[in-house]
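Asks:
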Amino acid sequence: MDWVLGKVVNQSDCRASFGNTKITDLVFANYAVFFAESLQVLVMALEALHEEAKPFGLEVSWFKTKVQVFGGLLYETVQSVHTCSEDIEILESFTYLGSAVHNDGGSRQEVLRRIGIAHGVMDLLNMSIWRCRYLCRRTKIQIFKLLVIPVLLYGCETWTLNSDLKRRIDAFELGDCKSGQEITPDVELDPFHFHSTCKTETIASVSSSFKVVTDFVTNAEEELLMKEVEPHLKRLKYEFDHWDDAIHGFREVERSRWSTRASSILDRARQAAFPDPCQKLPQTHVLDLDKAGVIKPHVDSVRFCGNIICGLCLLSDAVMRLRHVDLKDQVVDVLLRRGSFYIMRQVEDETRYNFTHEVLGEEESFFRGVTVVRGRRVSIMSRNQPSKPSPDAGPFIA
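Counted from 1, the sequence shown has number 367 at position 338 by the numbering used here; the numbering is strictly sequential.
1) Do three or more CB pairs link the stretch 83-90 to the stretch 41-55 at distances below 8 Å?
2) If you draw a straight line from the C-alpha of E76 to the C-alpha of L153, how long is it?
3) Which whole-angstrom value describes the C-beta separation of R12 and K309, a residue pair presumed to lie in contact below a C-beta threshold of 8 Å?
4) Determine the DSSP secondary structure at E257, reduced to helix, strand or coil.
5) According to DSSP, is H131 part of a helix, a strand, or is it coil?
6) Which stretch, first to last residue, makes up the beta strand (DSSP E) that contains H386?
7) Which residue wins for smallest C-alpha separation from K51, given the options V37, K195, F57 and E66?
8) So P28 is in the alpha helix (DSSP H); what residue range does that whole segment cover?
9) State the DSSP-derived secondary structure class of R142, mapped to helix, strand or coil.
10) Is the stretch 316-327 touching the stretch 188-197 in the sense that three or more CB pairs, one from each, lie closer than 8 Å?
11) Identify, in the order they occur along the chain, each residue of the same chain with its Cβ nearer than 6 Å to the Cβ of A318, setting aside the five sequence neighbours on each side.
12) According to DSSP, is M30 part of a helix, a strand, or is it coil?
13) Please report the residue range of the alpha helix (DSSP H) in which I172 lies.
14) Consult DSSP for A302 and reduce its assignment to one of helix, strand or coil.
15) Quick one: what's Q97 bridged to in DSSP?
16) Measuring CB to CB, does Q97 end up less than 8 Å from V130?
17) Alpha carbons only, please: which of G134, V37, I198 and E88 is nearest the one belonging to F63?
18) Give me the DSSP bridge partner(s) of T313.
19) Work out the CA separation of N155 and E211 for me, nearest whole Å.
20) How big is the Cα-Cα spacing for L254 and V246?
21) Measure the C-alpha to C-alpha separation of P260 and S288 and round it to an integer number of angstroms.
22) Apart from the five residues on each side of it in sequence, which residues of its chain come closer than 7 Å, Cβ to Cβ, to Q138?
23) Rounded to whole angstroms, what's the CA-CA distance from L34 to L55? Just pull it up for me.
24) Among the residues of its own chain, which have a CB less than 7 Å from the CB of E88, if the five just before and after it don't count?
25) In whole angstroms, what separates the C-alpha of H327 from that of Y163?
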């Protein structure tokens, strides 16, 4: 085959120049690619291939042979090339060795195609892996890395990426799935998205006062906690008004008694959040937010809690948005994954009282441009004792 291709190159002078580099042909098994800088040279190469292959009993499969034109060298009305009594179709995109090559020379079509194929792999593994309750998240993450990521990034060494394509790839890895079944390696993701207008001071302030721990509770621990609070929540109806209009579509209870197993989970959270356990308020706040519920922007209150608040996020992912009270362009989004645990501390009168807090509704639930599927969400929160009375502000809700 190499000898035949060498003869074709010598007879037709086919080549393509990239700076000082000249490429004549590519060959893999019984597939060959010829490069030419004009249609006449390409036709000569195909005719030479047809003639040189005959003595070896080889025939060109004209049905599989395609022509791709780059840089607008042909008029759009030209649909085929005629050679050796055969019409060869001209294509905009052609799949070669598993990668789609488009005549615009870019990688957009291949990246979108790879994302679609990777979505197909996710769908195939949906029931057997992602929805399997017997596999822990860490195992699912390893499966994701081994079976999905290689499909997504196949041939990525040849891609030329712009900011939009990078965002789309990041979107897939974050789990942009219409049914929300994708399990992605969120333990490796930064849960904070500082908007482009954020100043260095804002980034330092939020980073020092807000902490998110992913996978703080397991599926079994979540189920245990929900069994304890569900009977109390079911007695209540979802409310769509609040005394300060801060929250819609919610029901809430305060609890001080928990089973031994549930107490061990909550104690683990409190030990991580409060330096002195004795400062903790005796009541634990359980907030049940409906799928269509929203928590509007509000400022935390020192009248109801002190300088530390922590919460377990159950049943659904959510996005919390922080916005500076005075500097409206200082906006930070925080991704709170299902099973995660967050701690917000006051550091030199910073985030707790200088920023409003809100949990985005399902229509606005985006993180870094990626949809975060919202469902019913239950948060179990603990606070420490307030140090200053304040008659104006409302309690922290998140």
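A virtual CB, placed ideally from N, CA and C, is assigned to each residue, including glycine. Remember, predicted model here, so these are calculated numbers, not experimental data.
Replies: With the given structure in hand:
1) They do not touch, by the three-pair rule.
2) What you label residue 76 is simply residue 47 of the sequence shown in a count that begins at 1. What you label residue 153 is simply residue 124 of the sequence shown in a count that begins at 1. Going from the Cα of E76 to the Cα of L153 covers about 45 Å.
3) Residue 12 lies beyond the stretch modelled for the chain, which goes from 30 to 427, so this question has no answer here.
4) For this step, residue 257 is matched to residue 228 along the sequence shown. DSSP places E257 within a helical segment (H, G or I) once states are collapsed to three.
5) Taking the sequence shown and counting its residues from 1, one reaches residue 131 at position 102. Three-state DSSP puts H131 in a strand.
6) Taking the sequence shown and counting its residues from 1, the one referred to as residue 386 is at position 357. Looking at the DSSP string, the run of the beta strand (DSSP E) that includes H386 is F384 to V388.
7) Your numbering for residue 51 matches position 22 in the sequence shown. For K51, the closest C-alpha among the options V37, K195, F57 and E66 is that of E66.
8) Past the boundaries of the shown model lies residue 28; the chain is included only from 30 to 427, so the question cannot be answered.
9) Position 113 of the sequence shown, counted from the first residue, corresponds to residue 142. DSSP places R142 within a helical segment (H, G or I) once states are collapsed to three.
10) The answer is no - the stretch 316-327 does not touch the stretch 188-197, with fewer than three Cβ pairs under 8 Å.
11) Counting from one through the sequence shown, the residue named residue 318 turns up at place 289. The sequence shown places Leu at residue 318, rather than the Ala named in the question. Once the five neighbours on either side are set aside, the close Cβ partners of L318 are F279 and R406.
12) Here residue 30 is taken as the residue at index 1 of the sequence shown, counted from 1. DSSP, read as helix, strand or coil, puts M30 in coil.
13) The residue given as residue 172 occupies position 143 in the sequence shown. First-last of the alpha helix (DSSP H) with I172: R166 to I172.
14) Walking along the sequence shown from the start, residue 302 turns up at place 273. The answer is helix: DSSP assigns A302 an H, G or I state.
15) Counting from one through the sequence shown, the residue named residue 97 turns up at place 68. Partner(s): L120.
16) Here residue 97 refers to the residue found at position 68 of the sequence shown. Here residue 130 refers to the residue found at position 101 of the sequence shown. With respect to the 8 Å criterion, Q97 and V130 are classified as neighbours on the basis of their beta carbons.
17) For this step, residue 63 is matched to residue 34 along the sequence shown. Residue V37 is the option with its Cα nearest to F63.
18) The residue you call residue 313 lines up with position 284 of the sequence shown. The partner list for T313 (beta bridge, DSSP) reads R284.
19) Here residue 211 refers to the residue found at position 182 when the sequence shown is read from its first residue. Here residue 155 refers to the residue found at position 126 when the sequence shown is read from its first residue. With a pLDDT of 40 at E211, under the threshold of 50, the modelled position of this residue cannot be trusted, and the question is left open.
20) Here residue 254 refers to the residue found at position 225 of the sequence shown. Here residue 246 refers to the residue found at position 217 of the sequence shown. If I take the Cα positions, the gap works out to 10 Å.
21) As a working note, residue 260 is residue 231 in the sequence shown. As a working note, residue 288 is residue 259 in the sequence shown. Those two C-alpha atoms are separated by around 14 Å.
22) The residue you call residue 138 lines up with position 109 of the sequence shown. Excluding sequence neighbours, Q138 sits near S122, A129 and H131.
23) On the sequence shown, residue 34 is found 5 positions in, with the first residue counted as 1. On the sequence shown, residue 55 is found 26 positions in, with the first residue counted as 1. Cα to Cα, L34 sits roughly 9 Å from L55.
24) Taking the first residue of the sequence shown as position 1, residue 88 is located at position 59. Excluding the 5 residues flanking it on each side, E88 has same chain C-beta neighbours closer than 7 Å at A82, in chain order.
25) By 1-based counting over the sequence shown, the position of residue 327 is 298. By 1-based counting over the sequence shown, the position of residue 163 is 134. H327 and Y163 have their C-alpha atoms spaced approximately 40 Å apart.
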